[in-house]
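Student: The letter at position 2 of the sequence shown is residue 2 when you use the UniProt record's numbering, and the numbering goes up by one with no holes.
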Amino acid sequence: MSRIDASVYLVTDTVLCGGPAGVVDTVRRAVTGGVSAVQIRDPLASTRDLAALATAVLDALRETGIPVIVNDRVDVALAVGAHGVHVGQRDLHPLAARRLIGPAAHLGLSVSTEAELRDALMLPDGTVDLLGVGPIRDTPSKTDAAPAIGFDALAAMCAAGSVPCVAIGGVKAADIPELRRAGAVGLAVISAICGQADPAAAAATLRRGWDAP
Ligand code: TZP
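1) Hey, quick one: how far does the alpha helix (DSSP H) through Val-74 stretch, first residue to last?
2) Does the Cβ-Cβ distance between Ala-156 and Ala-184 come in under 9 angstroms?
3) Could you compute how far the alpha carbon of Leu-16 sits from the alpha carbon of Pro-43?
4) Would you mind giving the Cβ-Cβ distance between Leu-121 and Ala-160, rounded to the nearest angstrom? I have them listed as a contact below 8 angstroms.
5) Give the single residue among Arg-73, Ala-115 and Glu-116 whose Cα lies nearest to the Cα of Leu-100.
6) Let me check you understand the geometry: is the CB of Gly-132 closer than 8 angstroms to at least one non-hydrogen atom of the ligand TZP?
7) Taking 8 angstroms as the cut-off, is the CB of Val-189 close to at least one heavy atom of the ligand TZP?
8) Quick check on the DSSP output: the beta strand (DSSP E) that includes Cys-165 runs from which residue to which?
9) Any heavy atom of the ligand TZP closer than 8 angstroms to the beta-carbon of Pro-199?
10) One question on the structure: do Arg-137 and Ala-148 come within less than 9 angstroms of each other, judged by their Cβ atoms?
11) For Ile-193, report the span of its beta strand (DSSP E) as first-last.
12) Alpha carbon to alpha carbon, how far is Ala-105 from Ala-6?
13) In three-state terms, what does DSSP make of Ile-176?
14) Using DSSP with H/G/I as helix, E/B as strand and the rest coil, what is residue 231?
15) Taking 8 angstroms as the cut-off, is the CB of Ala-60 close to at least one heavy atom of the ligand ATP?
16) In terms of residue numbering, what span does the alpha helix (DSSP H) encompassing Val-23 cover?
17) On a Cα-Cα basis, can you pick out the residue from Ala-173, Val-57 and Ser-162 that is closest to Asp-25?
18) At which residues does the alpha helix (DSSP H) containing Ile-101 begin and terminate?
19) Among Ile-40, Thr-47 and Arg-207, which has the Cα closest to the Cα of Pro-177?
20) Is Ala-146 helix, strand or coil by DSSP?
21) If we ignore side chains and look at the alpha-carbon of each, how far apart do Asp-129 and Arg-98 end up?
22) State yes or no: is the C-beta of Val-8 within less than 9 angstroms of the C-beta of Ile-40?
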């Protein structure tokens, strides 16, 4: 089981949200709509700005119990006291990240190919809590994203091991039945919430879709 509830997982984009204050506002609203976890992602930010942004989101969500995960940067996650970190294939190796964050924090890992999945599943139990699998579709939200894998590959990856998988990349509320059939434990989204006129309503649509029988 994942250490966090990744059923409706918001990944933030500072530009789409209209700046750091917009990120905090979007996160607050999305959480009222039913987001279960938040990842602060800003590959363009300086270390100091990313830490400030993550701290502001942690402060905003302190009373909610919603976990705040930092993308890519183990140092920033540790410095701000985040609930965990999500690393990509070019970031710190998951074993090194786990060594640094300790046994209790959440560790997510992005996988896009069968080879990456195989490597992830060979890690000792308890190293990685959650696999971010995708992109499911091509997406403008990540400029260096791998080629889209589609739903069948998602299903094969979800079935391959015991680490829970969250689907990411171009996913929308209408995809939820397909994502559930594939065995994903949730969907991670940027543009389905960030930059939407009403992030609370957008999150609520995803929440209702995910919770529907
Ligand atoms: N990793 C793989 S695809 C992606 C990330 C961060 C972007 C997802 O954004 P969107 O807007 O939900 O397609």
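Glycine is no exception: its CB is placed at the ideal position from the N, C-alpha and C atoms. This structure is a prediction, so every number in the text was calculated from the model and none was measured.
Tutor: In brief:
1) Translated into positions along the sequence shown, residue 74 becomes position 74. Segment 74–80, the alpha helix (DSSP H) holding Val-74.
2) In the sequence shown, residue 156 corresponds to position 156, counting from 1. In the sequence shown, residue 184 corresponds to position 184, counting from 1. No; because the gap between Cβ atoms is not below 9 angstroms, this pair is not in contact.
3) Position 16 of the sequence shown, counted from the first residue, corresponds to residue 16. Position 43 of the sequence shown, counted from the first residue, corresponds to residue 43. The straight-line gap from Cα to Cα measures roughly 13 angstroms.
4) The residue given as residue 121 occupies position 121 in the sequence shown. The residue given as residue 160 occupies position 160 in the sequence shown. The Cβ separation is near 6 angstroms, so the contact holds.
5) The residue given as residue 100 occupies position 100 in the sequence shown. Leu-100 has its Cα closest to that of Arg-73, out of Arg-73, Ala-115 and Glu-116.
6) In the sequence shown, residue 132 corresponds to position 132, counting from 1. Correct: Gly-132 has its Cβ closer than 8 angstroms to the ligand TZP.
7) Counting from 1 along the sequence shown, the entry for residue 189 is found at position 189. Yes, the beta carbon of Val-189 sits closer than 8 angstroms to at least one heavy atom of the ligand TZP.
8) Along the sequence shown, read from residue 1 onward, the residue named residue 165 stands at position 165. Bounds of the beta strand (DSSP E) holding Cys-165 are 165–168.
9) As a working mapping, residue 199 is identified with position 199 in the sequence shown. Checking every heavy atom of the ligand TZP against the Cβ of Pro-199, none is found closer than 8 angstroms.
10) Along the sequence shown, one-based indexing puts residue 137 at 137. Along the sequence shown, one-based indexing puts residue 148 at 148. Their beta carbons are under 9 angstroms apart, which means Arg-137 touches Ala-148 by this criterion.
11) Numbered from 1 along the sequence shown, position 193 holds the residue referred to as residue 193. Per DSSP, Ile-193 is not a residue of any beta strand (DSSP E), being assigned neither H nor E.
12) In the sequence shown, counting from the first residue as 1, residue 105 sits at position 105. In the sequence shown, counting from the first residue as 1, residue 6 sits at position 6. Taken atom to atom, the span from the alpha-carbon of Ala-105 to that of Ala-6 is near 14 angstroms.
13) Position 176 of the sequence shown, counted from the start, is the residue given in the question as residue 176. Residue state, collapsed to three classes: helix.
14) The structure shown does not extend to residue 231, since the chain is modelled only from 1 through 213, so no value can be given for it.
15) Summarising the ligand content, the structure contains the ligand TZP and does not contain the ligand ATP.
16) Residue mapping note: residue 23 aligns to position 23 of the sequence shown, counting from 1. 20–33 is the span of the alpha helix (DSSP H), which, as asked, contains Val-23.
17) Position 25 of the sequence shown holds residue 25. Nearest C-alpha to Asp-25: Val-57.
18) The sequence position of residue 101 within the sequence shown is 101, counting from 1. Counting along the chain, the alpha helix (DSSP H) containing Ile-101 begins and ends at 94–101.
19) On the sequence shown, residue 177 is found 177 positions in, with the first residue counted as 1. Residue Arg-207 holds the alpha-carbon nearest to the alpha-carbon of Pro-177 among Ile-40, Thr-47 and Arg-207.
20) Taking the sequence shown and counting its residues from 1, the one referred to as residue 146 is at position 146. Here Ala-146 sits in coil by DSSP.
21) Counted from its first residue, the sequence shown places residue 129 at position 129. Counted from its first residue, the sequence shown places residue 98 at position 98. Within the model, the alpha-carbon separation for Asp-129 versus Arg-98 is close to 10 angstroms.
22) Within the sequence shown, residue 8 is the residue found at index 8, counting from 1. Within the sequence shown, residue 40 is the residue found at index 40, counting from 1. It is not a contact, given that the beta carbons lie outside the stated cut-off.
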